[in-house]
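Here full-length UniProt numbering is used: position 117 in the sequence shown is 117, and no number is missing along the way.
All C-beta atoms in this analysis are idealised placements derived from N, C-alpha and C, irrespective of residue type, glycine included.
All remarks here apply to the structure that follows.
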Amino acid sequence: MPDLTSPPGPPKPLIRDYFMKMSSLRRVFFFPTIMYNVLADTVTSRNWFNRIDEHIVLGAIPFRKALLHLITTEDIKGVISMNEEFELNPKWYATPAEMARLDLEFLNLPVDDYVGLPSSEQIASGLDFIQHIITDKQGSVYVHCKAGRSRSAYLVTAYLIAKEGGKAEDVIEHLKSKRPQVWIGPKGVRSLKDYYKEAIKRPVQ
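Laid out in structure tokens, this is it:
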């Protein structure tokens, strides 16, 4: 006999179809949004990347030539990507082997674009990686997603909360003062508030 005390969830095929459609849409929108980013970087005051503090640079997906620029101008020693696998196509994105030849360490923490948030495990891994680059390589970390607006901004917000102990809303506003295009939706803000309340703070210097 079915349990009548709680409403049934959506049928599994509908859930599967929803995520398949979202995945397809993310692929469709990838190149148009990249072109929008290129245009915005060219004709507006928005930058492809912005330095947030002495250790972190937040930005959009770096193409191969951009990596060399980041290494020479921003002392980048590590790269954290929040992109899905299809976004990191070796046709335009440096492979881990190529990064190693440039003496760059690489960490991929894939998060679904538009709908996803980094997990607590991904946040912990990201903060550990940042601490490693700061301590062991004495360099900066480039944190990116596709546009450097949401997924990567979420991780950088968590880093700043861990480093400075600020409330999520204040840290997000500070981040926007450094990179105006940052946008973290209501779900992400609530999650970051929980992160602050639970004080998952690591000694990021």
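{"Check": "Leaving out the 5 sequence neighbours to the left and right, which residues in its chain are closer than 8 angstroms to methionine 99 when beta-carbon positions are compared?", "Outcome": "Leu67, Val79, Glu105 and Phe106"}
{"Check": "Buried or exposed: which applies to aspartate 113, given that a residue is buried once 16 or more other Cβ atoms fall within 10 Å of its Cβ?", "Outcome": "buried"}
{"Check": "For glutamate 54, which of helix, strand or coil comes out of DSSP?", "Outcome": "coil"}
{"Check": "What is the DSSP secondary structure of glycine 166, counted as helix, strand or coil?", "Outcome": "coil"}
{"Check": "Taking all protein chains shown into account, decide if arginine 179 is buried (16 or more other Cβ within 10 angstroms of its Cβ) or exposed.", "Outcome": "buried"}
{"Check": "Among Ala60, Lys167, Asn89 and His55, which residue has its Cα nearest to the Cα of arginine 46?", "Outcome": "Ala60"}
{"Check": "Determine the burial state of arginine 101: buried for a count of at least 16 other Cβ atoms within 10 Å of its Cβ, exposed for fewer.", "Outcome": "exposed"}
{"Check": "State the DSSP-derived secondary structure class of isoleucine 61, mapped to helix, strand or coil.", "Outcome": "coil"}
{"Check": "Rank Thr73, Pro96 and Ile130 by C-alpha distance to the C-alpha of valine 143 and give the top, closest one.", "Outcome": "Ile130"}
{"Check": "Return the Cβ separation of arginine 149 and methionine 82 in integer angstroms, given the expectation that the two are a contact with Cβ distance under 8 angstroms.", "Outcome": "11 angstroms between Cβ atoms; not a contact."}
{"Check": "Any idea if serine 119 is buried or exposed, counting beta-carbon neighbours within 10 angstroms, 16 or more meaning buried?", "Outcome": "exposed"}
{"Check": "From the DSSP output, which residues share a beta bridge with glycine 78?", "Outcome": "Glu105 and Val141"}
{"Check": "Are the CB atoms of lysine 137 and lysine 77 nearer to each other than 9 angstroms?", "Outcome": "yes"}
{"Check": "Nearest by alpha-carbon distance to glycine 188: which of Val111, Leu58, Gly165 and Pro62 is it?", "Outcome": "Val111"}
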